[in-house]
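Peer 1:
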Amino acid sequence: MTERAIRGRLKKTGAVLAAAVLVPWIGAAAATAAPIHAPVLRAPVGGYQDLFVPSSMGPIKVQVQWAARGGSAALYVLDGLRAPADHSQWTTDTDVLRQFAGDNVTLVFPVGGRSSFYTDWYRPSSTNQQATTYKWETFLTRELPAFLERYGVSRTNNAIVGASMGGNAALTLAGHHRDQFKFAGSFSGFVHPTFPFWNEAMRAAMWDEGNFNVDDMWGPAGGPTWRRNDATVQAELLRGLPMYVSTGNGLPGPLDLPNGVGNTVNAMVLEQMTAAATQMFRDRIAAGGIAARIDIGNGTHTWPYWQQAIATARPMILDALGVH
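With full-length UniProt numbering applied, the sequence shown corresponds to residues 1 to 324, in that order.
(1) Using the Cβ count rule (16 or more neighbours within 10 Å means buried), how would you classify Tyr76?
(2) Given this structure, state the Cα-to-Cα distance separating Val269 from Arg284, to the nearest angstrom.
(3) Could you pull the start and end residues of the alpha helix (DSSP H) that Gly98 belongs to?
(4) Are Gly80 and Ser186 close, meaning C-beta to C-beta below 7 angstroms?
(5) Which residue or residues does DSSP assign as beta-bridge partners of Leu107?
(6) Between which two residues does the alpha helix (DSSP H) harbouring Tyr305 extend?
(7) At which residue ranges does the stretch 123-151 contain complete alpha helix (DSSP H) runs of 4 or more residues, listed in the order of the chain?
(8) For chain B, check one thing: does any of its Cβ atoms lie closer than 7 angstroms to the Cβ of Gly288?
(9) Could you check if Ala287 is buried or exposed, using at least 16 other CB atoms within 10 Å of its CB as the buried criterion?
(10) Pick helix, strand or coil for Phe281, following the three-state DSSP scheme.
(11) Measure the C-alpha to C-alpha separation of Glu209 and Met202 and round it to an integer number of angstroms.
(12) Assess contact between the stretch 82-102 and the stretch 170-182, defined as three or more Cβ pairs (one per stretch) separated by less than 8 angstroms. Is contact present?
(13) Does Trp25 come out as helix, strand or coil in the three-state DSSP assignment?
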C-alpha cells in the first residue's frame, strides 16, 4: 500500500474511530497498599493476587499471577483504550492466565488508565475535570518495578506487551527502558501516531472515551513528545530487542461472529488503520535492518485475535526471559 493510499484511508476512517471505542465509565474504589516490612528473596509460588501500588496518581490496582515456581521474571500486559477501572480486560476477555499458569514468569496487569496511552502527560486533561496528571510511564518503569522488587520480582528481566492503545506503548516503553525490558509485543497497536491524520483520530477516540484532551497528553501534534512516543519514529531504539508485532487486515472471520454486525464493522475499520500503521513500522525497521517478527493476517480489532497473538508470542517471551 502506498503512503498516499494509506493517507487517504486514514482520513476517511479516522472520523468513525470514536464510535468504535465508546465505553461506559466504571468507577473503582480507592484502596491502599498493605505494608511490606521486609524484602523477600523469591516471588510467591503460583497463585493470583490483587495488589494496590502507591503512585503519584494515587493507589493503582495491579492484578498479578505469580510465577509458577517462584521465579523473578515478569511479563507486563497492557490494556486497550477502553481499560476499565476495576480490572484488566486481559483477565476477563482472554485466557492469558491459563496460557501462562505453568510458566515461571509473573504476569503483571496494571488496571485503569483509559485513554492514557500509558504515557506521562503534560497536565491533567482540561476537558473532563481530571484531578491528577496521568504518569503511566513513571508508574510502569519506576514505581511499579520498585514495589514488585520487594516481592522478589526482577527490575531488569521483564517483557512487555499490549493491545491496541497498549501496543505502541509497549514498544516505546521498551525502547526507552532497555535496561528493564527484554522483549516487546504489539497486537493491533497504533504504532505510528505522528503520521498525518492519526492525531485527529486519537483526539476523536479519546474524546469519546472519557472526554480526554489529546493536547494535554503530548502537546501540539507532531511535536517532540509525539515523536518520543511513536514506535516507528523511535525504531532505532528497538534494535536488537526481540519483538513480535501483529495485526489483522480488517477482514472478519469466525472469531467475529459473536460480536454482532455493528461491532464487527467498527472493528474492521480500526484494524484497517492498525494494519496501515504496522506496514509503515515494518517498512521502517526493514530499511534500518532491525529484526522483528511481524504478522499481518485476517482479523479485526477484537480480543479473540489478541488472545491468539499472545499465545503466538508466549514461546518468544519465555525464551527472551530465559524461562524454561
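In this text, a Cβ means the ideal position worked out from N, Cα and C, and glycines have one as well. It should be emphasised that the depicted structure is a prediction, and the values quoted were computed from it without experimental measurement.
Peer 2: Let me spell this out:
(1) Its Cβ being crowded by 16 or more others within 10 Å, Tyr76 is buried.
(2) Looking at the two C-alpha atoms, the distance is approximately 23 angstroms.
(3) The sequence shown places Arg at residue 98, rather than the Gly named in the question. Note, Arg98: alpha helix (DSSP H), 96-99.
(4) Not a contact, by the Cβ cut-off of 7 angstroms.
(5) Per DSSP, Gln65, Leu75.
(6) 303-321 is the extent of the alpha helix (DSSP H) around Tyr305.
(7) List check, alpha helix (DSSP H) in window: 144-149.
(8) The question asks about chain B, but that chain is absent: this structure has only one protein chain.
(9) Burial call: exposed.
(10) Collapsing the DSSP output to three states places Phe281 in a helix.
(11) So the alpha carbons of these two residues sit roughly 10 angstroms apart.
(12) No contact exists between the stretch 82-102 and the stretch 170-182.
(13) Legend: pLDDT at Trp25 = 29, less than 50; position of this residue unreliable, no value from coordinates given.
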